[in-house]
Amino acid sequence: MTAEADYRLPRNVTPRHYAVTLTPDLAAATFTGSAVVDVEVNEQTSNVVLNAVELDVVSAALTADGHRIAATPHLDEERERLVLSPATPLAEGEWQLHLEFSGVLNDQLRGFYRSRYEDDAGVEHVLATTQFEATDARRAFPCWDEPDLKATFDIALLVPEGIAAISCGPVISDEPIGGGLRRVQFATTMSLSTYLLAFVVGDLEATDPVDVDGTPLRIVHVPGKGHLTDFALEFGAFALRFFTDYYGIPYPGDKLDLLAIPDFASGAMENLGAVTFRESLLLIDPAAANQAELQRVADVIAHELAHMWFGDLVTMRWWNGLWLKEAFATFMEMTCVDAFKPEWRRWSSFAAERDRSMDTDALASTRPIEFEVASPSDADAMYDVITYEKGAAVLRMLQQYLGEEPFRRGINRYLRTHAHGNTETHDLWDALEAESGEPVRDIMDSWIFQGGHPQIEVTPALDGYMLRQKRFRFIGESGERWRVPVLYQREAGLERAVLDEELVVPGDTPPLVNRGGSGYYRTRYTGDVLDRVATDIGVLPAEDRFVIVADTWANTLAGDTPAAEFLELVGAMPGERDVGVWGAMLGGIAELNRVVTSDERPALEAFVRGLVGPTAQGLSWSPTADESDLERKLRGELLTALGALGSDPATISAARQLFPAVLDGSAELDGEVASAAVSIVASHGDGADHARFVKAYATSTNPQDKLRYLRAMAAIPDSAAAIETLEMVLDGRIRSQNSMLVAARLLANRVAGPDVWAAVKQHWIALIGLMPPFSARNVIATLHLRSEPDLAADIREWLPAHPLPGGDTLVAQQLERLDVRVRLREREGHMSVPTLG
Numbered sequence: 006m007t008a009e010a011d012y013r014l015p016r017n018v019t020p021r022h023y024a025v026t027l028t029p030d031l032a033a034a035t036f037t038g039s040a041v042v043d044v045e046v047n048e049q050t051s052n053v054v055l056n057a058v059e060l061d062v063v064s065a066a067l068t069a070d071g072h073r074i075a076a077t078p079h080l081d082e083e084r085e086r087l088v089l090s091p092a093t094p095l096a097e098g099e100w101q102l103h104l105e106f107s108g109v110l111n112d113q114l115r116g117f118y119r120s121r122y123e124d125d126a127g128v129e130h131v132l133a134t135t136q137f138e139a140t141d142a143r144r145a146f147p148c149w150d151e152p153d154l155k156a157t158f159d160i161a162l163l164v165p166e167g168i169a170a171i172s173c174g175p176v177i178s179d180e181p182i183g184g185g186l187r188r189v190q191f192a193t194t195m196s197l198s199t200y201l202l203a204f205v206v207g208d209l210e211a212t213d214p215v216d217v218d219g220t221p222l223r224i225v226h227v228p229g230k231g232h233l234t235d236f237a238l239e240f241g242a243f244a245l246r247f248f249t250d251y252y253g254i255p256y257p258g259d260k261l262d263l264l265a266i267p268d269f270a271s272g273a274m275e276n277l278g279a280v281t282f283r284e285s286l287l288l289i290d291p292a293a294a295n296q297a298e299l300q301r302v303a304d305v306i307a308h309e310l311a312h313m314w315f316g317d318l319v320t321m322r323w324w325n326g327l328w329l330k331e332a333f334a335t336f337m338e339m340t341c342v343d344a345f346k347p348e349w350r351r352w353s354s355f356a357a358e359r360d361r362s363m364d365t366d367a368l369a370s371t372r373p374i375e376f377e378v379a380s381p382s383d384a385d386a387m388y389d390v391i392t393y394e395k396g397a398a399v400l401r402m403l404q405q406y407l408g409e410e411p412f413r414r415g416i417n418r419y420l421r422t423h424a425h426g427n428t429e430t431h432d433l434w435d436a437l438e439a440e441s442g443e444p445v446r447d448i449m450d451s452w453i454f455q456g457g458h459p460q461i462e463v464t465p466a467l468d469g470y471m472l473r474q475k476r477f478r479f480i481g482e483s484g485e486r487w488r489v490p491v492l493y494q495r496e497a498g499l500e501r502a503v504l505d506e507e508l509v510v511p512g513d514t515p516p517l518v519n520r521g522g523s524g525y526y527r528t529r530y531t532g533d534v535l536d537r538v539a540t541d542i543g544v545l546p547a548e549d550r551f552v553i554v555a556d557t558w559a560n561t562l563a564g565d566t567p568a569a570e571f572l573e574l575v576g577a578m579p580g581e582r583d584v585g586v587w588g589a590m591l592g593g594i595a596e597l598n599r600v601v602t603s604d605e606r607p608a609l610e611a612f613v614r615g616l617v618g619p620t621a622q623g624l625s626w627s628p629t630a631d632e633s634d635l636e637r638k639l640r641g642e643l644l645t646a647l648g649a650l651g652s653d654p655a656t657i658s659a660a661r662q663l664f665p666a667v668l669d670g671s672a673e674l675d676g677e678v679a680s681a682a683v684s685i686v687a688s689h690g691d692g693a694d695h696a697r698f699v700k701a702y703a704t705s706t707n708p709q710d711k712l713r714y715l716r717a718m719a720a721i722p723d724s725a726a727a728i729e730t731l732e733m734v735l736d737g738r739i740r741s742q743n744s745m746l747v748a749a750r751l752l753a754n755r756v757a758g759p760d761v762w763a764a765v766k767q768h769w770i771a772l773i774g775l776m777p778p779f780s781a782r783n784v785i786a787t788l789h790l791r792s793e794p795d796l797a798a799d800i801r802e803w804l805p806a807h808p809l810p811g812g813d814t815l816v817a818q819q820l821e822r823l824d825v826r827v828r829l830r831e832r833e834g835h836m837s838v839p840t841l842g
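Each residue of the sequence shown is one higher than the last, beginning at 6 in the numbering used here.
Below, the structure is given as structure tokens:
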């Protein structure tokens, strides 16, 4: 790894305040700019070093006390640095740096870039917008582009008459300057890291502001989509009030705009006062959406607003601490959404997300939550399930162990102590220790600074049951240990302990370990202990049922529990009514469906029909007025499983009958039913169905519908259709922001995936080149599902020879996950599927 010093800027000159003026030319896809930066020269120096890349610096000079010193600029593109050499050395003290520069509005969805959309008449419009995290502010203006080098900002945008200009602060002046341009000046920001700035210019509309206790909140969107903003306004106002109350600190900005951007590489970005989103994660029609789509919009809004305090007001010192903001914002999105819609049971559904992170964390190639970061690509590689989902899960485990109120007081202490500053991980632990009286740092360091997680084995002991930990790995063994905050249920009630090596729980009845499901560890009940626990599974809360099913499946992947035992466990739960538990049950069956032979697949499909059929048919295809959102979601999930995984003829036929009404909108269908119909038709579709999905994708204006049709196109079990979809990615008919999603889903296609892999290899350079650099590595996110022996061998040989930017860790993880599935196929491909009934 390159030394950190090769990327960290020297501290001989540091910024205090920027005045940045930018003039974007949307037609030419260029911009010009100037910056006046108040800097502190901390020691006499002969050079000033800051960050810049893909900029042409026209002039540079420094002034102080009426003196002006010209400086020669030199751009080091490889290290992304601008080195300024003044004509004479700079004395220690306060100076102003004056810069003029120009750049290109790129098409890479990073820095200062172009986004396009077509209006109802088919006329193309261009926006200029930004995405600076982690290290791309330097593509818009020369700056000290490191999180601990905070400064205040005055932003001015010179833009044509009649178009919108938005930045982090409110507009304080908007005046014509001639030549058809006007100068829009924004209020000075609080002290910010450069990655938290934003400016957006183009043909956009905004809702009327909603006053949220003195903060104006608006949704900004392209013309014609105002009817999709009501939910975001409602939930945005709720979240802003919720976080103000939870943190006990007023919102740190002056206004709050939530902006829907047509082309956006990530999900959203927490720029202070100007939060940018993918359209599908902000604009939504609640009447047409399913519960998962609505929840996803709420999740993302909550996540970004949580950052206004935890990330913007208090910022990690360097990118090794990325988890500090991202894991906490993930934790807080659950907390906020759970308060908004308790009936969604958001913490219960988080169990599936926690489980997916544990799937990666059970690899030898996993990484610690926090690790050394030197280069920008090192920082980019941290945006994964370990940072977000594992980080949030260990925080939830800690919160449940400490208690919700001591945890909340600790967060408040942390934010108040470090407001407008930068922190390290231990600062958070210190605040939580002070409020809880518990040895938080001693407990949590093992979870943050080493990869993996434990498994707690429960075995009979002389006077009760022994709890013993070891690292849970799918392949191999290792000896790491954790200080595990354990919640367990015994006859006397709920108890807690910190497990280091082993612990004896007295009693005749096995303790229910990980009670409530908040622990970030697996549990394995050995011998007949699982049978005794499973006997009572039907009366346990849903969170505990999920843990038992998920942990049993994880042990199946590891080869410790035969697949037949997993199926026997879920086969004893046909009356299950919790959608999350069904997700764990069906997820394991779906993986088995990928590895069983074609001779065994009919038996597995019959098992699915026997398991799912009675509940799904009892729900029917028609919701009733008194159903909850999760009951509707359960209908959609089970109908999809019955038709797609169970190949039930009657369900497939019913989906086919509904399909035309879904595509043309001729009937007001429940969102869950419409989604199920699309998924079922796609899973059994052909070239003609593919053509229908392509047309629907091209003509739909609803962001969620467009994503449904993209997923459906990638799911059709037909190689010709799959290759045509890949060609749509390559020729730009599918936006670059969605290219990774579609390519990954095509590679996961059970039937067409091998042909897609051959085509992906052929077009590798072109395919990776059109994807946003930030997310290109995720094109391989589903390759572990290609467990066919010959194909797996080809992947193992080919992938390491074709490196992905920032993808070394992900490649190693995917190859190891592939080995796990190959071994599953070898063990269970000819499994004997149990019969139900």
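For each residue, glycine too, the CB sits at the ideal point set by N, CA and C.
Here the structure is a predicted model, which means the values were calculated and not measured.
Comparing alpha-carbon positions, which option in the options lies nearest residue i?
i       : options                            : result
Lys-482 : Gln-460, Glu-496, Gly-469          : In the sequence under discussion, the amino acid at residue 482 is Glu, which differs from the Lys named in the question. Of Gln-460, Glu-496, Gly-469, the residue nearest in Cα terms is Gln-460.
Leu-746 : Val-58, Leu-731, Ala-386, Glu-462  : Leu-731
Pro-619 : Glu-632, Leu-643, Ser-633          : Leu-643
Asp-513 : Val-445, Arg-495, Arg-283, Arg-801 : Arg-495
Asp-435 : Arg-418, Ala-424, Pro-181          : Arg-418
Thr-193 : Gly-184, Asp-799, Ala-211, Thr-26  : Thr-26
Arg-740 : Ala-270, Arg-322, Thr-68           : Ala-270
Ala-502 : Leu-624, Leu-403, Asp-533, Gly-38  : Leu-403
Pro-810 : Leu-751, Ile-770, Gly-834, Ala-798 : Ile-770
His-72  : Asp-81, Pro-94, Val-88, Glu-82     : Pro-94
Whole angstroms is fine: what's the gap from residue i's alpha carbon to residue j's?
i       : j       : result
Gly-580 : Ile-542 : 12 Å
Glu-309 : Gly-278 : 11 Å
Asp-669 : Arg-661 : 14 Å
Leu-712 : Gly-457 : 33 Å
Gly-127 : Leu-545 : 56 Å
Asp-760 : Pro-665 : 29 Å
Ala-701 : Arg-606 : 32 Å
Gly-408 : Glu-443 : 11 Å
Phe-698 : Ala-357 : 29 Å
Leu-843 : Ser-680 : One cannot answer for residue 843 here, as it falls past the ends of the chain, which runs 6 to 842.
Val-165 : Glu-821 : In the sequence under discussion, the amino acid at residue 165 is Pro, which differs from the Val named in the question. One C-alpha to the other measures close to 53 Å.
Trp-487 : Val-399 : 12 Å
Tyr-12  : Arg-84  : 7 Å
Give me, in chain order, the residues of the same chain whose beta-carbon lies closer than 6 Å to that of residue i; leave out the 5 immediate sequence neighbours on both sides.
i       : result
Ala-555 : Asp-360, Ala-589
Val-538 : Pro-515, Tyr-530
Val-18  : Val-44, Val-46, Val-53
Gly-812 : Arg-782
Is residue i helix, strand or coil when you go by DSSP?
i       : result
His-807 : coil
Val-756 : coil
Thr-656 : helix
Met-321 : strand
Gly-812 : coil
His-835 : coil
Tyr-23  : strand
Asn-56  : strand
Arg-283 : strand
Met-6   : Interpretation of Met-6 is limited by its pLDDT of 38, a score under 50 that renders its predicted location unreliable; the figure taken from the coordinates is listed afterwards. The answer is coil: DSSP assigns Met-6 none of H, G, I, E or B.
Grab me the residues of residue i's own chain with a C-beta within less than 7 Å of its C-beta, minus the 5 sequence neighbours each way, in chain order.
i       : result
Phe-247 : Cys-341, Ala-344
Thr-365 : Thr-371, Val-390, Ile-391, Gln-818
At a cut-off of 7 Å, is residue i close to the ligand GTP when judged by its beta-carbon and the heavy atoms of the ligand?
i      : result
Leu-89 : You won't find the ligand GTP in this model; it holds no ligand whatsoever.
**Report entry** the region 290-308 contacting the region 343-351, beta-carbon criterion three pairs below 8 Å
**Finding:** yes
**Report entry** Three-pair Cβ contact test at 8 Å for the region 788-798 versus the region 822-832
**Finding:** The count of Cβ pairs closer than 8 Å, one atom from the region 788-798 and one from the region 822-832, reaches three, so the stretches are in contact.
Query raised in the report: Are there three or more Cβ pairs, one per stretch, closer than 8 Å when the region 173-181 is compared with the region 265-285?
Result: yes
Report task. Check whether the region 363-381 touches the region 409-424, taking contact to mean three or more Cβ pairs, one atom from each stretch, closer than 8 Å. Result -> no
Query raised in the report: Is the region 134-147 close to the region 210-221, with three or more CB pairs under 8 Å?
Result: no
Query raised in the report: Just checking, does the region 229-237 make contact with the region 326-342 on the three C-beta pairs under 8 Å criterion?
Result: no
Query raised in the report: Do three or more CB pairs link the region 136-149 to the region 108-127 at distances below 8 Å?
Result: yes
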